[in-house]
Amino acid sequence: MRNPNVPESLDGWHILHRMFRFDRHRWEQLSGMQRDDLARQSTQALLQLHAAYDGDVSVAQLLGHKADLMLTHYARSFEQLAVLETKIDSLGMSAFLRPVYSYLSVLELGLYEATAQMHKTLEAQGLEPHSEAWIQAFDALLLEQTREPRNGVRLWAKVPHRRYVCFYPMNKRRGETYNWYATPYEDRNRMMREHGKIGRTYHGLVNQVISGSTGFDEYEWGVDLYADDPLVFKNLIYEMRFDEASARYGEFGPFYNGIQFSIAEFGTFLKGDVLPRLLD
Ligand code: 76R
2 MRNPNVPESL DGWHILHRMF RFDRHRWEQL SGMQRDDLAR QSTQALLQLH AAYDGDVSVA
62 QLLGHKADLM LTHYARSFEQ LAVLETKIDS LGMSAFLRPV YSYLSVLELG LYEATAQMHK
122 TLEAQGLEPH SEAWIQAFDA LLLEQTREPR NGVRLWAKVP HRRYVCFYPM NKRRGETYNW
182 YATPYEDRNR MMREHGKIGR TYHGLVNQVI SGSTGFDEYE WGVDLYADDP LVFKNLIYEM
242 RFDEASARYG EFGPFYNGIQ FSIAEFGTFL KGDVLPRLLD
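Each number in my numbering corresponds to the 1-based position in the sequence shown with 1 added.
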């Protein structure tokens with residue numbers, strides 16, 4: 002964006018979360034054979050989709066009234082997401098699934114610190130802001146960030162294979178008193194540093210996937226957390242509430258919590274049996 006007030010970010014997977022209610026009652030009215038056939042078909046179709054796409058599909062059984070099933074699609078483009086959506090909707094079992102929520106976003110790596118650094122570097126070089134030479138130098142610095150191997154890995158990593166998933170959309174407040182977007186860059190940078198510091202004390206216990214959704218969906222970010230123990234979500238999110246970035250500026254959408262399972266176990270989900278642990 003090359004605007005000194007706006008942090009640059011790197012974009013990765015296009016992400017579509019889809020939440021469904023499963024009409025178990027109607028499903029159970031099918032004969033055993035019909036259920037087995039549909040379960041086999043849908044498992045195979047999901048496995049094929051998973052194998053065919055340069056992306057990922059993960060499935061989770063959700064808890065509570067909001068939805069029963071969440072599909073998380075990672076793809077390279079909106080077009081691929083559109084195809085995935087249509088393919089899923091035309092499966093036999095989809096007659097029993099009612100879409101109740103969805104979320105469209107793009108995986109994002111925030112570059113608060115790096116953006117500030119890039120502007121400083123160019124200033125030190127004495128280039129006139131937004132001159133042709135400045136733009137070229139800026140874009141070269143941004144390209145370096147894209148080429149950073151660690152960033153590349155994170156932008157295109159698969160859905161983390163952890164047993165539990167917690168998804169929620171959120172905003173940064175734009176109120177009269179507290180307005181994130183009207184806060185000076187240096188203050189936002191400092192708050193994000195502090196946010197990252199708290200986050201890192203949970204390193205190893207949780208995987209965070211942040212996706213940006215400004216202009217794509219009703220909130221500004223989607224937050225996906227993955228852990229082997231659901232209490233990690235409660236502790237981490239509670240601790241973050243005391244952090245300035247959340248305490249003053251965090252606004253949260255609905256929370257979806259569930260149990261990830263491997264696609265091969267889709268029939269087990271349809272049956273309503275206990276889901277085996279996810280295999281790596
Ligand atoms: O990407 C990184 O790991 C570097 C540091 C970092 C950034 C840039 C980071 C670390 N986060 C970043 C950005 Mn986060 N995060 C949340 C929530 O519940 C709440 O209060 C907020 C929801 C949690 C729980 C969480 C956890 N983070 C963001 C952004 C984009 C904001 C922007 O650009 O303005 C949002 C909306 C957001 C929200 N964060 C971490 C975590 C954890 C656990 C980490 C450490 C990850 C690790 O090192 O393993």
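Cβ coordinates follow ideal geometry from the N, Cα and C atoms, glycine included.
For TYR169 versus GLY254, is the C-beta distance shorter than 8 angstroms? yes
According to DSSP, is LYS168 part of a helix, a strand, or is it coil? Residue identity differs from the one stated: residue 168 is Phe in this sequence, not Lys. Strand, per DSSP.
Ends of the alpha helix (DSSP H) at GLU9? Here GLU9 belongs to no alpha helix (DSSP H); instead the beta strand (DSSP E) covers 9 to 23.
Going by beta-carbon coordinates alone, are CYS167 and LEU92 separated by less than 8 angstroms? no
Three Cβ pairs or more, each shorter than 8 angstroms: is that satisfied between the segment 232 to 241 and the segment 38 to 55? no
In the segment 76 to 140, which residue ranges form an unbroken beta strand (DSSP E) of at least 3 residues, counting only runs that do not cross its ends? 98 to 112
So the candidates are ASN172, GLY176, ALA246 and PRO185; which of them puts its Cα closest to the Cα of LYS198? ALA246
Hey, out of LEU142, THR87 and ALA138, whose CA is closest to LEU112's CA? LEU142
DSSP state of GLY216 mapped onto helix, strand, coil: coil
Would you list the one or two residues that DSSP bridges to MET62? The residue you asked about is not Met; residue 62 is Gln in the sequence shown. Note: GLN62 sits in a beta bridge opposite LEU70 and ILE260.
With DSSP run on the structure shown, which of helix, strand or coil describes LYS272? helix
Using only the heavy atoms of ligand 1, determine whether one of them is closer than 7 angstroms to the beta carbon of GLY200. yes
Determine, using beta carbons only, whether GLN30 and PHE270 come nearer to each other than 8 angstroms. no
Going by the beta-carbon positions, is the gap between PHE139 and ARG3 smaller than 8 angstroms? yes
Does DSSP put TRP28 in a helix, a strand or coil? helix
What is the rounded straight-line gap between the Cα of VAL210 and the Cα of ARG175? 23 angstroms
Under 8 angstroms between the Cβ atoms of ASP57 and ARG163? no
Using CA atoms only, rank isn't needed, just tell me which of LEU156, PRO130 and ARG41 is closest to ARG77. LEU156
Which same chain residues, not among the five before or five after ASP218, have their C-beta less than 6 angstroms away from its C-beta? TYR104 and LEU105
Is the separation between the beta-carbon of MET171 and that of TYR203 shorter than 8 angstroms? no
Given a cut-off of 8 angstroms, decide if MET119 and MET71 are closer than it, judged by their beta-carbon atoms. no
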